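Okay, so the sequence shown: first residue is 125 according to the working numbering, each after it adds one. Every residue, glycine too, gets a C-beta built ideally from N, C-alpha and C. None of these values were measured; they are calculated from a predicted model.
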Amino acid sequence: MRFEPFALERWLPIASSAEISMAGANSVPLQYRDLIDSLDLTAEILYRSTRGSLKLREEIAAQYPGRKVNADEILVTTGTAEANFLLLSRLLEPGDDFVLVVPTYLQSVGIAQAMGAAVRTVGLDEKEGWMLPLDELEAAISPKTKAIMITNPNNPTGSMFDPAMLKAICGLADRVGAYVIGDEALRGLEAEGTMSPSPTELYERGFSTGSLSKIGLGGIRVGWIVGPQAIIEHCWAHKDYTTLAHSGLGEVLAELALEPQNIERFRERARGFVRENSAIVIEWIGRHAEAFSCVRPVAGGSAFPALRLPLDAVTFCQRALERVSVSLSPGDYFAGPDHLRIRFGTRRDVLLEGLRRLDEFLACL
125 MRFEPFALER WLPIASSAEI SMAGANSVPL QYRDLIDSLD LTAEILYRST RGSLKLREEI
185 AAQYPGRKVN ADEILVTTGT AEANFLLLSR LLEPGDDFVL VVPTYLQSVG IAQAMGAAVR
245 TVGLDEKEGW MLPLDELEAA ISPKTKAIMI TNPNNPTGSM FDPAMLKAIC GLADRVGAYV
305 IGDEALRGLE AEGTMSPSPT ELYERGFSTG SLSKIGLGGI RVGWIVGPQA IIEHCWAHKD
365 YTTLAHSGLG EVLAELALEP QNIERFRERA RGFVRENSAI VIEWIGRHAE AFSCVRPVAG
425 GSAFPALRLP LDAVTFCQRA LERVSVSLSP GDYFAGPDHL RIRFGTRRDV LLEGLRRLDE
485 FLACL
């Protein structure tokens with residue numbers, strides 16, 4: 125099994141050297157004091173259940189009100205990245221087709237290829253607000269299709285599928301008995317506050333992967349898989365050979381974060397950044413119409429403008445880092461060339477300073 129270098133994750137450490145970081149997709153980090161008052165400081169620091177504590181799995185189940193999710197249908201993981209790895213490496217085999225909706229976080233491509241599956245991509249239609257052309261998805265599906273993967277809300281575009289679209293995707297998958305996987309790392313960051321639908325709520329072969337990272341808790345490294353119990357059991361067995369156990373301290377903090385009085389407060393905090401800062405970024409892009417065009421995001425902490433300059437996105441990002449110490453992410457690393465991911469899920473003063481520096485950078489091109 126061989127894995128190709130993950131281009132985005134090679135770029136982000138370089139981008140982290142910037143004075144102003146606008147390359148990621150996360151929200152402003154929470155602080156330990158946001159949770160520490162509820163922490164039992166006399167508890168021993170032990171290994172926890174490798175499956176995840178019952179309390180945490182029940183709290184995760186409550187995040188999917190569209191159906192009654194059982195705790196045995198959930199596996200706790202080290203972030204969404206491990207969740208996706210365990211699930212795809214369990215489902216995919218040599219000779220399978222794997223259909224991926226792009227642009228997206230491309231971890232799944234490397235996993236699918238390492239498993240010997242053929243990757244077929246279907247692009248969201250930017251002219252239609254980054255919506256999915258169902259006829260193109262249907263054409264990409266065959267009897268060999270084992271799984272279809274979406275990112276909802278979408279990273280990096282900030283678009284979102286409504287229940288009707290997700291039901292249509294699941295219907296196409298059902299024709300060939302394929303699984304539908306929803307990478308939902310951005311779920312809960314919808315600007316209007318209504319949670320996006322999930323495959324695990326709508327389809328018997330639907331899975332959802334998620335975490336608390338994008339609401340400001342990336343450092344606790346806790347994620348999950350939700351789906352059919354038989355596959356979850358296999359993923360649990362696979363986890364014995366990857367991380368074995370996720371962070372015990374991270375799990376304790378996740379249990380506190382997912383308590384009803386906390387989780388909605390933390391999500392609303394992150395949504396506040398989405399609502400306020402997306403308007404600032406879209407207005408800024410509008411003032412540079414000669415350089416960019418952009419569909420306004422409705423979820424998540426980033427925008428994905430098209431680049432209209434005679435400069436490729438990778439070079440643009442490298443020069444912005446070198447000249448004004450602002451980091452962005454090239455769309456190439458999401459299967460969206462000639463675009464940029466601009467993070468706005470940050471403090472307003474940081475965002476405004478980053479945009480001011482980019483004004484200077486654009487003026488010198």
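When DSSP labels each residue in this structure, what does Phe428 get in the three-state scheme? Correct three-state label for Phe428: coil.
Report the rounded CA-to-CA distance for Glu383 versus Arg432, giving the unit in angstroms. Each residue's Cα considered, the two are about 45 Å apart.
Give a yes or no on whether the C-beta atoms belonging to Glu182 and Thr366 are separated by under 9 Å. Against a cut-off of 9 Å, the Cβ pair of Thr366 and Glu182 comes out as no contact.
Report, in whole angstroms, the separation of the C-beta atoms of Gly455 and Pro227, which I expect to be a contact under 8 Å. That pair is a contact at about 7 Å.
Go ahead and label Cys294 buried or exposed: buried means 16 or more other beta carbons lie within 10 angstroms of its beta carbon, across all protein chains shown. Within 10 angstroms of the beta-carbon of Cys294 lie 16 or more other beta-carbons, which makes it buried.
Taking its Cβ as the centre, do 16 or more other Cβ atoms sit within 10 Å of Ser194, making it buried, or is it exposed? The question names Ser, but residue 194 in the sequence shown is Asn. By the 10 Å Cβ count, Asn194 comes out exposed.
Contact belief for Thr333 with Thr174 at Cβ below 8 Å, rounded distance in angstroms: With 8 Å as the limit, Thr333 and Thr174 do not qualify as a contact, their Cβ atoms being about 17 Å apart.
Okay, do the segment 447-462 and the segment 350-368 touch, 3+ Cβ pairs below 8 Å being the bar? Touching, no, given that fewer than three Cβ pairs across the two stretches are closer than 8 Å.
Among the candidates Ala288, Gly247, Gly340, whose CA atom is the shortest distance from the CA of Glu392? Of the listed residues, the one whose Cα sits closest to Glu392 is Gly340.
Would you kindly report the start and end of the unbroken alpha helix (DSSP H) that includes Arg395? 384-410 is the span of the alpha helix (DSSP H), which, as asked, contains Arg395.
Going by DSSP, what residues sit across from Leu224 in a beta bridge? According to DSSP, which records beta bridges pairwise, Leu224 is partnered with Thr245, Met273.
Determine contact between the segment 299-307 and the segment 402-416, defined as no fewer than three beta-carbon pairs at a distance below 8 Å. Judged by Cβ distances under 8 Å, the segment 299-307 makes no contact with the segment 402-416, as fewer than three pairs qualify.
For the ligand ADP, any of its heavy atoms closer than 8 Å to the Cβ of Ser453? Because no ligand of any kind appears in the structure shown, any question about the ligand ADP cannot be addressed here.
Are Gly374 and Ser151 touching if we call contact CB-CB under 9 Å? No, the pair does not count as a contact, with Cβ atoms beyond the cut-off.
Candidates Leu377, Phe222, Arg443: closest to Leu159 by CA position: Of the candidates Leu377, Phe222, Arg443, the one whose C-alpha sits nearest the C-alpha of Leu159 is Leu377.
Cα-Cα separation, Asp249 to Leu256: C-alpha separation (whole angstroms): 6 Å.
So who's on the other strand from Arg467, going by DSSP bridges? In the DSSP assignment, the residues bridged to Arg467 are Ser426.
Indicate whether Ser449 and Ala430 have their beta-carbon atoms separated by less than 9 Å. Result no, Cβ atoms of Ser449 and Ala430 do not sit closer than 9 Å.
How many Å lie between Ile198 and Glu484 at the Cα? Approximately 49 Å between the Cα atoms of the pair.
Using 10 angstroms around the beta-carbon of Arg399, count the other beta-carbons present and answer buried if the total reaches 16, otherwise exposed. Around the beta carbon of Arg399, a 10 Å sphere encloses fewer than 16 other beta carbons of the protein chains shown; the residue is thus reported as exposed.
In chain order, what residues of the same chain lie with their CB nearer than 6 Å to the CB of Ala241, ignoring the 5 residues before and after it? Result list for Ala241: Leu216, Asp220, Phe222, in chain order.
May I have a chain-ordered list of the beta strand (DSSP E) segments no shorter than 3 residues that lie completely inside the segment 277-318? List check, beta strand (DSSP E) in window: 303-307.
Give me the residue from Ile274, Gly247, Ile265 with the minimum Cα distance to Gln231. Answer by Cα proximity: Ile274.
Which partner residues does Phe209 have in the DSSP bridge list? DSSP lists no partner for Phe209.
At what residue ranges does the segment 306-382 contain a whole run of the alpha helix (DSSP H), taking only runs of 4 or more? Segments of the alpha helix (DSSP H) lying fully in the segment 306-382: 323-326, 353-363, 372-381.
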